[in-house]
Amino acid sequence: MKLTVARFGSSGEKIIKLENKDGCQLEVSNYGARVIRWLVPNPLKQLHNIVLGSERLVDYYGEAVYFGATIGPVAGRITQGKYEDQGKTYYLNQNEGQNTLHGGRRSFESQIWHSQIVDKPGEMSVVFSYERPAGMNGFPGNLKAKVIHTLTAKNEWRITYYAKTDQRTIYNPTNHVYFNLNGKRSSIANHRLYLDSDFFLPLNREYLPTGEIRPVLGTAFDFKKNPQGSFLSQGLMSQDQQNHLVQGIDHPFILNQQQKYQGMLSAASSGITLGMATTAPAVVVYTTNLGDSQLRISPGKILKHQGVTLETQILPDAMNQQNFGSMMLEPEELFFSQTSYYII
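Here it is in structure tokens:
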């Protein structure tokens with residue numbers, strides 16, 4: 061395994077590149093503990109970058125702030141930017157109207173994380189650490205977060221999350237990487253997606269879960285029916301009210317845990333197939349539904365539907381919903397979650 065470290069900014073930001081014997085390269089940054097590039101071999105051993113990112117730090121200061129970033133302390137939207145716990149109401153930073161999105165303003169994605177390299181046989185890791193002070197954006201507890209990005213000799217990118225708190229708090233991290241397996245600036249409508257999921261969460265007009273858990277069967281959200289995956293175009297072009305609401309897909313799917321992997325993404329144009337295995341109970345699939353005038357990242361504007369996210373996590377807004385599980389973290393607990401993306 062090879063290691064390269066390069067300067068990325070004037071305040072200690074850097075890019076760390078891991079490379080294995082196949083030439084597979086994973087570039088991550090301590091700014092937001094994010095992934096910048098992931099070059100993987102296609103069946104002809106040609107390298108393709110399959111994630112959307114930029115080599116310019118300034119691009120991550122604008123509307124592309126979440127690209128490839130670690131999201132936390134709580135991924136997704138929180139209704140009215142508040143939640144109740146043990147008789148107390150916690151008021152959070154409202155950075156999307158009256159709601160809280162991805163932990164509030166300047167959260168995990170905008171911090172410079174401490175980094176450490178760990179080299180083991182068959183893999184190399186970058187261990188990112190960040191201490192979130194109690195009260196930041198309204199969240200209780202001094203939180204010690206750790207995110208480990210690992211590249212293996214088998215072309216696997218593994219993300220491992222750990223966290224400890226000194227006060228009862230909520231925690232639900234994810235990674236906001238955008239995949240495009242075509243290896244070029246193009247739509248992901250030609251991608252096939254398989255999800256081992258029987259249920260998804262409908263959204264309201266603020267893109268918050270309505271509380272309903274709806275079967276995917278017979279809808280444009282059924283990505284389980286075909287073991288080889290269904291084209292994402294079925295969701296992008298669907299007249300289903302839920303697809304029309306978000307102009308594509310921006311929905312949580314409840315994952316089954318009965319197979320060795322829970323998802324698969326493929327593109328015939330490149331011949332690349334990506335597997336996804338996770339310990340998380342859900343994944344949010346987002347198909348970059350904003351128009352090209354609203355997002356910009358080097359070398360140019362992002363096209364509508366140019367990327368797709370597979371954000372593994374606990375169901376969003378769980379603290380304000382029934383039957384969504386719990387994202388509560390106790391002082392005596394160690395939070396753990398792990399997601400692997402790997403070339404099949």
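Residue numbers for the sequence shown follow this note's numbering, beginning at 61 and rising by one.
By construction, the Cβ of each residue, glycine as well, lies at the ideal position given by its N, Cα and C atoms.
query                                                                                                               : result
Nearest neighbour of SER298, chosen from ARG192, GLY308, LEU112 [CA to CA]                                          : GLY308
Reduced DSSP secondary structure (H/G/I, E/B, other) of GLY323                                                      : strand
Residues near SER71 in its chain [Cβ-Cβ closer than 7 Å; skip 5 each side]                                          : ILE172
Exposure label - GLN146; buried when at least 16 CB within 10 Å                                                     : exposed
When SER89, GLY136, THR64 are compared against ASN380, the one with the closest alpha-carbon                        : GLY136
Opposing strand residues paired with GLY282 [DSSP bridges]                                                          : Sequence inspection shows Asp at residue 282; the Gly mentioned does not correspond to that position. In DSSP, ASP282 forms no bridge with anything.
Backbone secondary structure at GLU392 - three-state DSSP                                                           : coil
SER257 vs VAL237 beta-carbon contact at 8 Å                                                                         : no
Residue span of the beta strand (DSSP E) that contains SER257, given as start and end                               : 257 to 260
Option in GLY367, GLY271, THR234 with minimal Cα separation from SER293                                             : GLY367
Counted within 10 angstroms of its Cβ, other Cβ atoms place LYS285 as buried (16 or more) or exposed                : exposed
When PRO103, GLY198, PRO181 are compared against GLU144, the one with the closest alpha-carbon                      : GLY198
Opposing strand residues paired with HIS205 [DSSP bridges]                                                          : Residue identity differs from the one stated: residue 205 is Ala in this sequence, not His. Its beta-bridge partners are TYR190, ALA223.
Local conformation of MET379 per DSSP, three classes                                                                : helix
Through-space distance from HIS365 to PHE283, alpha-carbon basis                                                    : 18 Å
Proximity to ILE230 [Cα-Cα], best of MET196, MET336, ALA328, SER247                                                 : MET196
Integer-rounded CB distance, given that LEU370 should sit under 8 Å from VAL343                                     : 5 Å
Nonlocal neighbours in the same chain, by C-beta distance under 6 Å from LEU389, ignoring five residues either side : THR225, THR229, TYR231, PHE395
Closest residue to PRO359 among GLU115, GLU87, ARG274 (Cα-Cα distance)                                              : GLU115
Separation of GLN322 from ASN316, as counted between CA atoms                                                       : 7 Å
8 Å Cβ cutoff met for GLU123 and LEU296                                                                             : no
THR372 and THR338 closer than 8 Å at C-beta                                                                         : yes
ILE404 burial status per 10 Å Cβ neighbour count (16 or more: buried)                                               : exposed
PRO193 versus VAL187, LYS204, SER185, VAL186, residue with shortest Cα-Cα distance                                  : LYS204
Limits of the unbroken beta strand (DSSP E) element including GLY335                                                : 332 to 338
Contact the segment 83 to 93 vs the segment 175 to 194: 3+ CB pairs below 8 Å                                       : yes
Whole-number beta carbon distance between GLY163 and GLY132, since they are thought to touch under 8 Å              : 5 Å
HIS304 - containing beta strand (DSSP E), residue span                                                              : Premise fails: HIS304 lies in the alpha helix (DSSP H), 301 to 306, not in any beta strand (DSSP E).
The segment 93 to 102 touching the segment 208 to 226, judged by at least three CB pairs closer than 8 Å            : yes
Helix, strand or coil at GLN106 according to DSSP, with G and I counted as helix                                    : coil
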